[in-house]
Amino acid sequence: MLVVMRCGATDRQIQGVVQAITELGCEARQLHSAQRTTVNVVGNDERIDSARLASLDGVQDIIHLSQPYQQASRDWHPVDTVITLPNGLKIGSDAIAIAAGPCSVESEQQILEVAHAVQEAGATLLRGGAFKPRTSPHSFQGLGARALEYLARARAATGLTVVTEAVDPESVDAVAEHSDIVQIGARNMQNFSLLKRIGRIKNPVLLKRGIAATITELLSSAEYILMEGNANVILCERGIRSFDPGTRNLLDLSAIPRIQQASHLPVMVDPSHGTGVRDLVIPMALAAIAAGADGVMVEVHPDPEEALSDGVQSLYPEQFAEMVRRARQVASAVGRRIASPAPAKLGS
Ligand code: PEP
Ligand code: MN
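Just so you know, we're using the numbering used here here: the sequence shown kicks off at 1423 and counts up by one.
Following this line, the structure appears as structure tokens:
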């Protein structure tokens, strides 16, 4: 429930509403815009008598919410959100961002080699897992903090923007410090304490769709981050679980326009996890761009056969270069363009 205050409502009137909500056992969160203040009732608002709030001084309107999310919705924010990254790249603009890199950071040499290769081919973001959420505890779990250092060096050497995953609240600060965009993986999409923690950092967040999550659930998870004050959320379609063992997941490309109708947040697509099959990655990346995605993220490895994770879905560097060439053509056919990479650092 939202309590919309009149334009020019006084602090006393706003505090009166906050106090009434608190006395009724809910939390009151104030949202200030240029025109007015709105007070969001957080908690079980069904037990609140809205007529009582409506009668308070300075209250203009009470809005009963029909959706489990508000700030993530287009009703709340009709204009597309554009997220500006430290290197000037704007996600959600006419320029489509391409993120590429290995599933896992395996060594300093590996990440530097991939970073240079994908930058030369036209990537603007470097991906690479330091902390890996693996289905089996026997699988490679990532190099952890050491990998964050390597990613930071690859960023310094290339100027690429780095995206890497935080898997628990304990690693959030280290990940945020050494990267530009913090990823929340599919398995953690509904880890609400992690989402709240992520909502309190400054970095943009790449929130991946859970393997069995609806779009409404994805947007509700984004809402947890937005409500803590972090407005820079990028959503990511990465495939959902299906019955066909021919692919790892079923990449839901209809999610792109569905999200864009329901929300103002930018949307990226990960066809690597979305298909799990190397030869399907390029066609699905191109289809994602044709369907209006604001970015694509793919796994690239210099030697996929030897990769410590997800080698079967990783592109060879030359395949990635081919993908970018074709992506430029598709982007131009739909009136967009592929974002330009940052200039390579001198001496690298
Ligand atoms: C990843 O991008 O490294 C990853 C683990 O993806 P997902 O969370 O989508 O499985
Ligand atoms: Mn992977």
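Glycine is no exception: its CB is placed at the ideal position from the N, C-alpha and C atoms. What you are looking at is a predicted structure, and each value in this text was computed from that prediction instead of being measured.
Given a cut-off of 8 Å on the beta-carbon distance, is the pair residue 1485 and residue 1439 in contact?
no
Under three-state DSSP, which class holds residue 1768?
Since pLDDT at residue 1768 reaches only 49, below the 50 mark, its modelled position is unreliable, and the value read off the structure follows with that caveat. Residue 1768 falls in the coil class under three-state DSSP.
Given 7 Å as the limit, tell me if residue 1551 has its C-beta closer than that to any heavy atom belonging to the ligand PEP.
yes
Go through its chain and collect everything with a Cβ distance to residue 1541's Cβ below 7 Å, but skip five positions before and after it.
1580, 1582, 1763, 1766
Flag this pair as yes or no: are the beta carbons of residue 1451 and residue 1462 separated by less than 8 Å?
yes
Going by other Cβ atoms of all chains shown within 10 Å of its Cβ, with 16 needed for buried, is residue 1560 buried or exposed?
exposed
Buried versus exposed call for residue 1557 [16 or more other C-beta atoms within 10 Å across all chains shown]:
exposed
Going by C-alpha to C-alpha distance, which of 1618, 1622, 1724, 1662 sits closest to residue 1642?
1618
Assigned exposure category for residue 1624 - 16 Cβ within 10 Å defines buried
exposed
Rounded to the nearest angstrom, what separates residue 1692 and residue 1684 at their Cα positions?
20 Å
Which word fits residue 1437, buried or exposed, when buried means at least 16 other C-beta atoms lie within 10 angstroms of its C-beta?
exposed
What residue ranges within the stretch 1609 to 1642 form continuous beta strand (DSSP E) runs of no fewer than 3 residues, ordered along the chain?
1627 to 1630
Under 5 Å, CB to nearest heavy atom of the ligand MN: contacting residues:
1525, 1732
Looking only at its chain, what residues have a beta carbon closer than 6 Å to the beta carbon of residue 1686, apart from the 5 residues adjacent to it on each side?
1496, 1499, 1502, 1503
Quick one: does the C-beta of residue 1855 sit closer than 7 Å to a heavy atom of the ligand PEP?
The displayed coordinates of the chain run from 1423 to 1770. Any statement about residue 1855 would go beyond what the structure contains.
Span of the alpha helix (DSSP H), counted from its first residue to its last, around residue 1753
1739 to 1755
Contact set for residue 1742: own chain, Cβ-Cβ below 8 Å, skip 5 residues either direction
1522, 1539, 1540, 1543, 1545, 1720, 1722
When the Cα atoms are used, what is the spatial distance from residue 1620 to residue 1745?
32 Å
Going straight from the alpha carbon of residue 1430 to that of residue 1506, what length do you get?
32 Å
Considering Cα atoms alone, identify which of 1469, 1491, 1489, 1459 is closest to residue 1480.
1459
Jot down the residue ranges of each uninterrupted alpha helix (DSSP H) in the stretch 1512 to 1575, minimum 4 residues, whole runs only, in chain order.
1530 to 1543
Quick check on this structure: which residue in 1563, 1441, 1714, 1511 has the alpha carbon closest to the alpha carbon of residue 1681?
1714
Rounded straight-line distance, which links the Cα of residue 1454 to that of residue 1441
17 Å
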